[in-house]
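Q: In my numbering, the protein residues as written are 5 to 239.
1. Would you report the Cα separation of residue 19 and residue 100, rounded to the nearest angstrom?
2. What separation, rounded to the nearest whole angstrom, lies between the Cα atoms of residue 162 and residue 172?
3. Can you check which of these residues, 217, 148, 126 and 166, is closest to residue 3 by C-alpha distance?
4. If you pair each beta-carbon of the segment 148–161 with each one of the segment 225–235, do three or more pairs fall below 8 Å?
5. Measure the C-alpha to C-alpha separation of residue 123 and residue 143 and round it to an integer number of angstroms.
6. Restricting to runs no shorter than 4 residues, where is the alpha helix (DSSP H) found entirely within the segment 74–134?
7. Which residues share a DSSP beta bridge with residue 171?
8. Going straight from the alpha carbon of residue 25 to that of residue 43, what length do you get?
9. Start and end of the alpha helix (DSSP H) containing residue 195?
10. For residue 227, count neighbouring Cβ atoms within 10 angstroms of its own Cβ and tell me buried if that reaches 16, exposed if not.
11. Residue range of the beta strand (DSSP E) that residue 142 falls in?
12. According to DSSP, is residue 207 helix, strand or coil?
13. Please report the straight-line C-alpha distance between residue 129 and residue 219, rounded to a whole angstrom.
14. Beta-carbon within less than 8 Å of residue 198's beta-carbon, same chain only, minus the 5 sequence neighbours each way: which residues are those?
Quick look at the structure:
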């Protein structure tokens, strides 16, 4: 996806500036009531956001010059082969920088998580299992305990250690239903410690959650906090 958008930029850019007169001027603070101007700015936004999201630096003045030269049919300063090589080299730099940022984030999250778990283990009411899962009983249940092959109905709220919510069945207004063994390891273990009607607070180490392969909205190596209410077992 990234490579496709990158290599398609010149064509998009030509459309974006096709309505421009080629003259430099001060930055606009508002758009004229003109469909061509609004479309041009919209394409410019798309190009800029795509490039900014890649994370690697780019000479914007050179970008604009290349667009203008193409739109105005001037002699180009690069051959198509040179342009392809330059774009591919930039893409490689962007990927390398993204990997470096991801590695740095993963190490920072791991250190913060380990410090949090060490402190949390000393708090009153918290228990730590052999796997490293931490839990606190909010409300005792009085029903059955699910097994690894059961399906359960739960309400839950997931937060990071700073309290930011990243997922909540309470907010959606509908309980979640899934197999006990179909979720992250920390949940699978915790659910088998519960009885229907009970509620736990969990502190799940990253290696019992998503680890380094976490989805983007979670982030690598993060400790996750969950409030879990076991509503029923569906068998």
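Every residue gets a Cβ at the ideal spot worked out from N, C-alpha and C, and that includes glycine.
A: Taking the structure as given:
1. The residue given as residue 19 occupies position 15 in the chain shown. The residue given as residue 100 occupies position 96 in the chain shown. With a pLDDT of only 38 at residue 19, under the threshold of 50, the placement of this residue in the model should not be trusted; the figure read from the coordinates follows. Spanning the two alpha carbons is a distance of roughly 30 Å.
2. On the chain shown, residue 162 is found 158 positions in, with the first residue counted as 1. On the chain shown, residue 172 is found 168 positions in, with the first residue counted as 1. When rounded, the distance between both Cα atoms is 6 Å.
3. Nothing can be reported for residue 3, as the shown portion of the chain is limited to 5 through 239.
4. yes
5. Counting from 1 along the chain shown, the entry for residue 123 is found at position 119. Counting from 1 along the chain shown, the entry for residue 143 is found at position 139. Computed Cα separation, rounded: 23 Å.
6. 84–124
7. The residue you call residue 171 lines up with position 167 of the chain shown. Note: residue 171 sits in a beta bridge opposite 162.
8. In the chain shown, residue 25 corresponds to position 21, counting from 1. In the chain shown, residue 43 corresponds to position 39, counting from 1. With a pLDDT of 40 at residue 25, under the threshold of 50, the modelled position of that residue is not reliable, and the figure given next carries that caveat. Using only the alpha carbons, I get a separation of about 15 Å.
9. Start at 1 with the first residue of the chain shown, and residue 195 comes out as number 191. That run of the alpha helix (DSSP H) goes 189–195.
10. Working through the chain shown from its first residue, we reach residue 227 at position 223. Residue 227 is buried by the Cβ-count criterion.
11. Taking the first residue of the chain shown as 1, we reach residue 142 at position 138. Where residue 142 is concerned, the enclosing beta strand (DSSP E) stretches over 138–143.
12. Within the chain shown, residue 207 is the residue found at index 203, counting from 1. Residue 207: strand per DSSP, three-state reduction.
13. As a first step, residue 129 is located in the chain shown; it is residue number 125 there, counting from the start. As a first step, residue 219 is located in the chain shown; it is residue number 215 there, counting from the start. Their backbone Cα atoms lie some 31 Å apart in a straight line.
14. For the purposes of this step, residue 198 is identified with residue 194 of the chain shown, where counting begins at 1. Once the five neighbours on either side are set aside, the close Cβ partners of residue 198 are 145, 149, 150, 204, 232 and 234.
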